[in-house]
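Structure record follows, encoded as structure tokens.
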Amino acid sequence: LIPETRWTSFYTIQAIRAVDYGDYYSYLGQFTGSMQQLSPVERQVVQLCRRIEISSLYKSYGGKKFRTERDFILRAEDELLERIRAFTAKIISQILRFIQDGELPLYLKKLHLDNPHKKDRVCFHVTPLRAVTGFYRTEENIRYRLTLFNGEKEIIPSATDLQIVTLYPGTVLLDTDLFYLPPGFSAVRLKPFLTKRDIIIPHQNEREYFRKFILKNIGNDNIETEGFDVVERKAIKQPILSLEKDIAGYPIAELCFRYNTRTIPFASDKPAVVELEEVEDQYRFYTTRREPEWEKRFHHWLLSHGLVQWETDFYKVPDENTWATLIGWIRTYQDVLQKEGFEIEQDKLPVSYYTGGWQLDYTENSSPDWFRLHAQIILEDGTVIPFQNLWQHILSGNREYIYGDNKVFIIPEEWFSRYSAIMLFGKKEKGELQLQRNQFSLLEEERGKTLQNEAIEGIDPPYRLHATLREYQLSGYRWLYQLYRNQLGACLADDMGLGKTIQTIGLLLKYKEENKPETGEEPHEPFATCLIVAPASVVHNWRNELRKFAPSLLVAEYTGPSRVGMRPSLMRWEVIITTYQTLRNDIDFLKEKQFGVVVFDESQSFKNRDSQVYQAVSLIQGNHFIALSGTPIENSLSDLWSLMSVINPGLLGNHTTFYNYFVRPITSDVNGLHSDALRRLIQPFILRRTKEEVLKDLPERTDELIICDTDPEQQQLYDEELSKARNRILESKLLQTRSRTETFGSLQAIIRLRQIANHPRLANPDYSHSSGKFREIFRMLEEIDSTHHKVLLFSDYVSYLDLVAEEMKRRTWEYAMLTGSTGNREEVIRHFSQRPECRFFLISLKAGGVGLNLTEADYVFILDPWWNLAAEEQAISRAHRIGQKQAIFVYRFVTAGTLEEKILNIQRQKQDISDAIIPLEGKQFHPTETELERLLTE
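Positions 598 to 1535 (my numbering) are the ones given, in order, by the sequence shown.
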């Protein structure tokens, strides 16, 4: 126990290291050893002592304001010091209790560098001192006297060397005896009596003294009075919740009670409250006894309704330190609080928080291109706040809107998810909020209706469609038609194999039926040639499907060298099919044409907004746009922006806005408000169904992950390559030379490691040993070879398929192979489909991920994990689709202990982002630069 005046006003406590020298201990400094050697009580004491050390106080109170600890010590102002002293007094009181209860030794040191002497051990007195306060009024003055009693022994403060240790709870030191003051008795009252026996108050000062001092203390027991009356009065009482800030500036609530005209905190130990009445120089004090049981009922009510006790005296919302949450709690229980009789006070705050109800009132004024809303918030007290005044608050996440004379309206938390996108994309125009027509989904909750202008459930497929649509296909066709009639773009994102093509063909026929009628009816709009843009690998599929299901449409392919001759008569055809490459090359010609319905198949082809394909696609003019894709989010959320900027321009704003408001925050918090806003924006324009959802009769699918061990030689080669990559990364970090070249180097190292995980010969043609995965693949293929089953084998590496093909030739197995260099695709596909002896189809990811119907196969082997899990699903959908009659078995092969396992983790982590935006989507992204490095270093 050491004298300390700056941080505690009186004494502080330190846990020290010392050596026993008989009569005294040699001081070795503060204790900094391991806590494990201490008893539980000793650990509590040491931890509390550390909380009041200068370094800890600096972190808690000075770290943000003072540059160094020295500045904090020299420049801390009086207001801050008072807050610190209030804090340290509470901590020291707790330490004293622990020391007393644990019977730990506490020694008094007169100076910091003194050695503690054993004769100076502090003796604790458990029973508090009794205080007797006397007020004696005579014709000349008032004598005010304070006397303490230890049992029957009188202690006159001024006649002893009494020292204050803590103010409240009050403790004092007499020689080496430590006493507690009575409950509710602050040691502040002792200060004037440490040097004088009585305090004399002249008559001219007695009114102020009565009101400011005696009135505060007359409620304590052991009061002696002469010259005025003390009368006990019956209480008119009310509970009060006082909103305040704690010593760290955080919001808290204090439970108080008003007895008649006086208020007292629930935590106060005073047994009574006192009121003063003055009549013709005569004073009468009315005392009202507190009702502890009545008060405790409200204390328990607060705890049972969601608040927790904080620092003994106060209450707060658990785990929250914002005014928004505390005011939100008051709003939630406002009716109950009123019923319980609570009054909410904010006198100790610099602002006044509005705790009442409100009404959001708005009117709508729409035009063909815009929605216009005039909205305002009407508070219960009549205050009107224009809704657009909250613009920046909602976008920045600031819930406290200041209005009027320092009043604060707490913006409801749900408004940030409900209106943030409106604020982001809307425009302020003459007191109104304006939104583009294609952003209608942001207003549906407010308007209570959708954009749908007509009932479409009765819209039948066109009569010239040569197919019977399944129920879900009919629903998809009607959905496409609804958006078409409302002049809004659509993205049909069904699973592969669910018939996106036929649903789209149905709309093309309907477009012709309505706008090129054969019965003399008025067209809905002038008919214009429709355009289908697709990857080269599926152009023939589109031609075949149109010929099969819509033979009445006049269809032409705008591809190859002969297309130049088609240009003069191009718009005479009803449907034109072209490729993305052709579109890019001929954009100067095609951008001048006005098409009717424009269909972008495999629309992820223009996901990169910096690519020439995207630039070309964005220049195409059409009356209505449809995107078809099983993977609208393939690599990143920016893919979604690219897609929507083409089919619904302006929906997601410019890319900078989209990145700042959606990509960056959603990547950090996939389930946050920004994900919800983006989901609401795009939901009307993306229709996503899975095979499992709509095809109840789809054959069962079994997935299994095959973990393959490496051969010793394979493992050695892998470890050597991994070590080289890690050394390169470490060197670039030490030299601070990280660049795009280094990133490319990391990617090259990852490719080599993936190749070694498959088979080391892919990275080193001279490698003469085998591969654990390669051997396991052929072990399983041997079991299938003697059966009637067929297998699709997919790999990201054509060179790996070449190795597999080489081994199959050695075994005299018949197989087919499809890669990007295959010229006769249809013949290869036919060979596999029609020959029972051809059981194995080797397919590269890029060549066979789309446009294939291979329901003859019932086994799918994914030979190596890909960055994009959606691409794996597309590959599997070549077999698991409409028309498949057999159960499907999917095997994914992964080499143990390699980065292939880490790729699976990246897939799982990033899948959450896409699922949050497009439910059931299940898409994956390519790894970021950081993730590439982590694959090599962790």
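Where is the CB? At the ideal position from N, CA and C, for every residue including glycine.
Quiz prompt | N- and C-terminal bounds of the alpha helix (DSSP H) containing Asp916 | solution = Here Asp916 belongs to no alpha helix (DSSP H), and DSSP marks it neither H nor E.
Practice problem: Compare the beta carbon distance of Asp1599 and Asp1393 with 7 Å and say whether it is the shorter of the two. | Solution: Only positions 598 to 1535 of the chain appear in this structure, which leaves residue 1599 out of reach.
Quiz item: From Ile1353 to Lys1288, what does the alpha carbon distance come to, in whole angstroms?
Solution: 35 Å
Practice problem: Could you tell me the distance, in whole angstroms, from the CA atom of Ile1326 to the CA atom of Ser1320? | Solution: 10 Å
Practice problem: Out of Asp711, Leu726, Gln801 and Gln697, state which residue places its alpha-carbon closest to the alpha-carbon of Glu737. | Solution: Gln801
Quiz prompt | For Ile613, the three-state DSSP class (helix, strand or coil) | solution = strand
Quiz item: With a Cβ-Cβ cutoff of 7 Å, do Phe1282 and Ala1472 count as a contact?
Solution: no
Quiz item: In chain order, what residues of the same chain lie with their CB nearer than 7 Å to the CB of Ile696, ignoring the 5 residues before and after it?
Solution: Val642 and Leu703
Quiz item: Which word fits Arg672, buried or exposed, when buried means at least 16 other C-beta atoms lie within 10 angstroms of its C-beta?
Solution: exposed
Quiz item: CB Ile599 to CB Lys706, shorter than 7 Å?
Solution: yes
Quiz item: Taking Arg1489 as the reference, which of Leu1390, Gln1431, Val1401 and Cys1435 has the closest Cα?
Solution: Leu1390
Practice problem: Return yes when the Cβ of Ile837 is within less than 7 Å of the Cβ of Glu940, no when it is not. | Solution: yes
Exercise. Quick one: measure Cβ to Cβ for Ile649 and Gln627, integer angstroms, because I've assumed they're closer than 8 Å.
Key: Not confirmed; about 12 Å, so no contact.
Practice problem: Determine, using beta-carbon pairs with one atom in the region 1181-1194 and one in the region 1211-1221, whether at least three such pairs fall under 8 Å. | Solution: yes
Quiz item: Opposite Gly1219 in the DSSP bridges: which residues?
Solution: Phe1192
Quiz item: Hey, how far is the Cα of Arg667 from the Cα of Leu970?
Solution: 57 Å
Quiz item: Would you call the region 1420-1438 and the region 1354-1372 in contact, with 3 or more CB pairs under 8 Å?
Solution: no
Self-check item: Span of the beta strand (DSSP E) around Pro836
Solution: Lys834 to Lys842
Quiz item: Name the DSSP beta bridge partners of Met1377, please?
Solution: Beta-bridge pairing links Met1377 to no other residue.
Practice problem: Report the rounded CA-to-CA distance for Trp604 versus Leu771, giving the unit in angstroms. | Solution: 22 Å
Quiz prompt | Endpoints, beta strand (DSSP E) assigned at Glu751 | solution = Lys750 to Ile752
Quiz prompt | Complete alpha helix (DSSP H) runs within the region 663-705 (minimum length 4 residues, chain order) | solution = 666-672 and 675-699
Quiz prompt | Proximal residues to Ala615 (C-beta, below 7 Å), its chain only, five neighbours per side dropped | solution = Tyr622, Ser623, Tyr624, Leu625 and Pro713
Exercise. Sort Tyr658, Gln1483, Glu1154 and Leu645 by Cα distance to Tyr847 and report the nearest one.
Key: Tyr658
Self-check item: For Cys1127: DSSP bridge partner residues
Solution: Val1172
Quiz item: Are the beta-carbon atoms belonging to Leu1077 and Leu1106 less than 7 Å from one another?
Solution: no
Quiz prompt | Where Asn1257 sits in the DSSP three-state scheme | solution = helix
Quiz prompt | Ile1174, buried or exposed, once every other Cβ within 10 Å from all chains shown has been counted against 16 | solution = buried
Quiz item: Just checking, does the region 1186-1202 make contact with the region 1229-1246 on the three C-beta pairs under 8 Å criterion?
Solution: yes
Quiz item: If we ignore side chains and look at the alpha-carbon of each, how far apart do Glu1498 and Thr1492 end up?
Solution: 7 Å
Quiz item: For Thr1101, which of Glu1111, Ala784, Leu1089 and Lys662 has the nearest alpha-carbon?
Solution: Leu1089
Practice problem: Under the assumption that Phe776 contacts Leu743 (Cβ atoms under 8 Å), give the Cβ distance between them as a whole number of angstroms. | Solution: 14 Å between Cβ atoms; not a contact.
Exercise. Select from Phe984, Glu1029 and Leu1030 the residue whose C-alpha is nearest the C-alpha of Trp1012.
Key: Phe984
Quiz item: Can you tell me whether DSSP reads His971 as helix, strand or coil?
Solution: strand
Quiz item: Which partner residues of Asp1300 appear in the DSSP bridge assignment?
Solution: Val1487
Quiz prompt | Per-residue DSSP class, three states only, for Pro1362 | solution = coil
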